[in-house]
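Structure, as structure tokens:
Protein chains: 2
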Amino acid sequence: MTELATQNNKEINKKERILDSAEALFAQHGYDGVTIRQIAKLAEVDVALANYHFGKKLDLFHAVFDRRAQQLSDQRHKLLAAQQSSMQTLEQVIEAFLMPLKMAQQTEDPGWRNYLALLAYVMTSPVWNKIMMSKFFDKRVVEFIAALKDIFPNASEDKIHWCYHYMSGALALTLAQTGRIDRISNGKCQSTDFDTAYELMVPFMAAAFRKVCD
Amino acid sequence: MTELATQNNKEINKKERILDSAEALFAQHGYDGVTIRQIAKLAEVDVALANYHFGKKLDLFHAVFDRRAQQLSDQRHKLLAAQQSSMQTLEQVIEAFLMPLKMAQQTEDPGWRNYLALLAYVMTSPVWNKIMMSKFFDKRVVEFIAALKDIFPNASEDKIHWCYHYMSGALALTLAQTGRIDRISNGKCQSTDFDTAYELMVPFMAAAFRKVCD
DNA sequence: TTGCCTATTCAACAAGTGTTGAATATAGTG
DNA sequence: CACTATATTCAACACTTGTTGAATAGGCAA
Chain A
1484 MTELATQNNK
1494 EINKKERILD
1504 SAEALFAQHG
1514 YDGVTIRQIA
1524 KLAEVDVALA
1534 NYHFGKKLDL
1544 FHAVFDRRAQ
1554 QLSDQRHKLL
1564 AAQQSSMQTL
1574 EQVIEAFLMP
1584 LKMAQQTEDP
1594 GWRNYLALLA
1604 YVMTSPVWNK
1614 IMMSKFFDKR
1624 VVEFIAALKD
1634 IFPNASEDKI
1644 HWCYHYMSGA
1654 LALTLAQTGR
1664 IDRISNGKCQ
1674 STDFDTAYEL
1684 MVPFMAAAFR
1694 KVCD
Chain Y
1484 MTELATQNNK
1494 EINKKERILD
1504 SAEALFAQHG
1514 YDGVTIRQIA
1524 KLAEVDVALA
1534 NYHFGKKLDL
1544 FHAVFDRRAQ
1554 QLSDQRHKLL
1564 AAQQSSMQTL
1574 EQVIEAFLMP
1584 LKMAQQTEDP
1594 GWRNYLALLA
1604 YVMTSPVWNK
1614 IMMSKFFDKR
1624 VVEFIAALKD
1634 IFPNASEDKI
1644 HWCYHYMSGA
1654 LALTLAQTGR
1664 IDRISNGKCQ
1674 STDFDTAYEL
1684 MVPFMAAAFR
1694 KVCD
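Chains A and Y are the protein sequences, given in the same order. Here the first sequence stands for residues 1484 to 1697, where the numbers follow this note's numbering. Here the second sequence stands for residues 1484 to 1697, where the numbers follow this note's numbering.
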């Protein structure tokens, strides 16, 4: 995200090409919906090379997920900690939570957009959620919820958790880019329009949080 | 839902046992994460029987999805149409949209809970969303959005669509029952607690809709 | 040159996949 | 009983899966 976009790397680093291809395919078809051979074909490398670099298929999946998770998680932590002063508003906290994803999408690197879809896949999967989300993101969510507790000192913890859950769901469906909002709105809204999605999401969620937690 | 729960059907109707087993496995592992042999084993029938009754694997998937989709869609339509009078409040409209899912969960039949997770899988999947959701549910969503337009005559259509999108995401993550809210809240909240999830969701979404669309 | 390490390809394995046709059981009808 | 249609099982097929060990290429140091 801070680095330059590494697009059009078709002639260099095969190792990263494997990661990029796996990322794109896993994001769209899920773990079981993708074969190593499909990944290798898209990356234009031999089938055995993925195994050489990353080991088993499951290890490759972890490698794909971890590559950008660290960056994303760090960004969230920075933004939340930066405004750790007790002057923070609800809108600021929500924005700090969403901003890294918005920035990831705005990068020229198309890999980031694929990664966000992969993140949505992991978030909504009953089997992957525990395994993958606890590695990096759960810690940041705890920080986010702590900030919410400061803002709503009188709210029960349960309500805050459920409110976060709703926001997390809205976020996940946005990241997934299923194309449903395009279809239902007859093309007037677009799944790929993250700017609008995030812009509207902040006041939407802020009002909802206040209603339930205040 | 209106019929009696058909639990403990282990000694009868093998055809329905296949559907039930496929439903449970597809919901948890997705389409590609499940083999016909796993389904047959769980249903305690021969591998070839699934093919005999439902044809190809993809046809079985459709059969599983369609079985309860019709009921769910009809319920939504009834509830929305019943209060078609211009006296309906925002809360009533949202409740009419969520109620069928709440009722499905409250049934004794554990198959319904599996089905809701399957629905979440389809809703969040980039590949399945278009194929499956357009068959039954898109029509009801259009009705739901029409009701929202009546309530917010001055709101732009885009905003209404995005608000629906957020709610749909929150709903999908709830249906998915990933166990994440359990983990983050240290067990204080539970993914299976649909009652609380729906109860809080109505005021949450109502306030959010008003903020953005009013 | 030789030697060595890493990267990459090739060919192949054993296991598992969806699917199918024939064989067998079951139940209902005359 | 026999006849028939449906339901179920059995065995096997052709194909794909992840994975691996041996073979090859390329770069770099001595």
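By construction, the Cβ of each residue, glycine as well, lies at the ideal position given by its N, Cα and C atoms.
Please report the distance separating the alpha-carbon of residue i from that of residue j.
i                             : j                             : result
valine 1685 of chain Y        : phenylalanine 1509 of chain Y : 29 Å
alanine 1601 of chain Y       : methionine 1570 of chain A    : It should be pointed out that residue 1601 of chain Y corresponds to leucine in this sequence rather than to alanine. The alpha-carbon atoms of leucine 1601 of chain Y and methionine 1570 of chain A are separated by roughly 43 Å.
alanine 1546 of chain Y       : leucine 1654 of chain A       : 30 Å
valine 1610 of chain A        : histidine 1648 of chain Y     : 24 Å
alanine 1659 of chain Y       : glutamine 1521 of chain A     : 28 Å
glutamine 1553 of chain Y     : alanine 1690 of chain A       : 34 Å
arginine 1701 of chain A      : histidine 1512 of chain A     : Summary: the structure shown does not reach residue 1701 of chain A, with chain A confined to residues 1484 through 1697, and so no result is reported for it.
isoleucine 1519 of chain A    : valine 1695 of chain Y        : 45 Å
serine 1651 of chain A        : valine 1528 of chain A        : 37 Å
aspartate 1697 of chain Y     : methionine 1615 of chain A    : 39 Å
alanine 1579 of chain A       : asparagine 1496 of chain Y    : 54 Å
phenylalanine 1620 of chain Y : leucine 1599 of chain A       : 26 Å
threonine 1590 of chain Y     : glutamate 1591 of chain A     : 48 Å
lysine 1539 of chain A        : serine 1617 of chain A        : 21 Å
threonine 1661 of chain A     : alanine 1603 of chain A       : 10 Å
serine 1639 of chain A        : phenylalanine 1544 of chain Y : 42 Å
arginine 1693 of chain Y      : asparagine 1637 of chain Y    : 12 Å
leucine 1683 of chain Y       : glutamate 1574 of chain Y     : 12 Å
phenylalanine 1677 of chain A : leucine 1581 of chain A       : 11 Å
alanine 1526 of chain Y       : aspartate 1557 of chain Y     : 29 Å
lysine 1498 of chain A        : methionine 1688 of chain A    : 40 Å
valine 1517 of chain Y        : valine 1517 of chain A        : 13 Å
Assign residue i to buried or exposed, taking buried as 16 or more other Cβ atoms, counted over all protein chains shown, within 10 Å of its Cβ.
i                          : result
threonine 1679 of chain Y  : exposed
glutamate 1754 of chain Y  : Because chain Y here runs from 1484 to 1697, residue 1754 of chain Y falls outside it and cannot be looked at.
threonine 1572 of chain Y  : exposed
asparagine 1669 of chain Y : exposed
tyrosine 1535 of chain Y   : exposed
proline 1593 of chain Y    : exposed
aspartate 1542 of chain A  : exposed
asparagine 1492 of chain Y : With a pLDDT of only 40 at asparagine 1492 of chain Y, under the threshold of 50, the placement of this residue in the model should not be trusted; the figure read from the coordinates follows. With fewer than 16 Cβ atoms within 10 Å of its Cβ, asparagine 1492 of chain Y is classed as exposed.
glutamine 1588 of chain Y  : buried
valine 1576 of chain Y     : buried
threonine 1675 of chain Y  : exposed
alanine 1523 of chain Y    : buried
aspartate 1503 of chain A  : buried
valine 1625 of chain A     : exposed
alanine 1630 of chain A    : buried
alanine 1565 of chain A    : exposed
Let me know the secondary structure DSSP gives residue i once reduced to three states.
i                             : result
threonine 1485 of chain A     : Unreliable positioning characterises threonine 1485 of chain A in this predicted model, as indicated by a pLDDT of 25, which lies under 50. A coordinate reading is not provided.
threonine 1518 of chain Y     : coil
aspartate 1641 of chain Y     : helix
valine 1528 of chain Y        : coil
glycine 1652 of chain Y       : helix
proline 1686 of chain Y       : helix
lysine 1646 of chain A        : Here the sequence assigns cysteine to residue 1646 of chain A, which means lysine is not the residue at that position. Three-state DSSP puts cysteine 1646 of chain A in a helix.
serine 1674 of chain A        : coil
glutamine 1490 of chain Y     : Annotation note: pLDDT 31 at glutamine 1490 of chain Y (below 50); position unreliable, no value reported.
serine 1773 of chain Y        : Outside the modelled stretch of chain Y, which goes from 1484 to 1697, sits residue 1773 of chain Y, for which no answer is possible.
alanine 1680 of chain A       : helix
cysteine 1696 of chain Y      : helix
asparagine 1496 of chain A    : coil
alanine 1691 of chain A       : helix
phenylalanine 1635 of chain A : coil
glutamine 1660 of chain Y     : coil
asparagine 1534 of chain A    : helix
lysine 1539 of chain A        : coil
Is the beta carbon of residue i less than 8 Å from the beta carbon of residue j?
i                             : j                          : result
phenylalanine 1635 of chain A : isoleucine 1628 of chain A : no
aspartate 1633 of chain A     : aspartate 1515 of chain Y  : no
arginine 1551 of chain Y      : arginine 1623 of chain Y   : no
asparagine 1612 of chain Y    : arginine 1663 of chain A   : yes
phenylalanine 1548 of chain A : valine 1605 of chain A     : yes
leucine 1555 of chain A       : proline 1583 of chain A    : yes
threonine 1607 of chain Y     : threonine 1607 of chain A  : yes
lysine 1585 of chain A        : tyrosine 1681 of chain A   : yes
alanine 1531 of chain Y       : isoleucine 1501 of chain Y : no
aspartate 1641 of chain Y     : cysteine 1646 of chain A   : no
I want to check one thing, is the minimum distance from the CB of residue i to the heavy atoms of the ligand GDP below 7 Å?
i                       : result
proline 1583 of chain A : For the ligand GDP, the structure offers nothing, since it holds no ligand at all.
I'd like the ranges of any alpha helix (DSSP H) spanning at least 4 consecutive residues and lying wholly in the region 1546-1590 of chain A. 1573-1589
Residue ranges of each alpha helix (DSSP H) run of no fewer than 4 residues wholly in the region 1593-1622 of chain Y, ordered along the chain? 1593-1607
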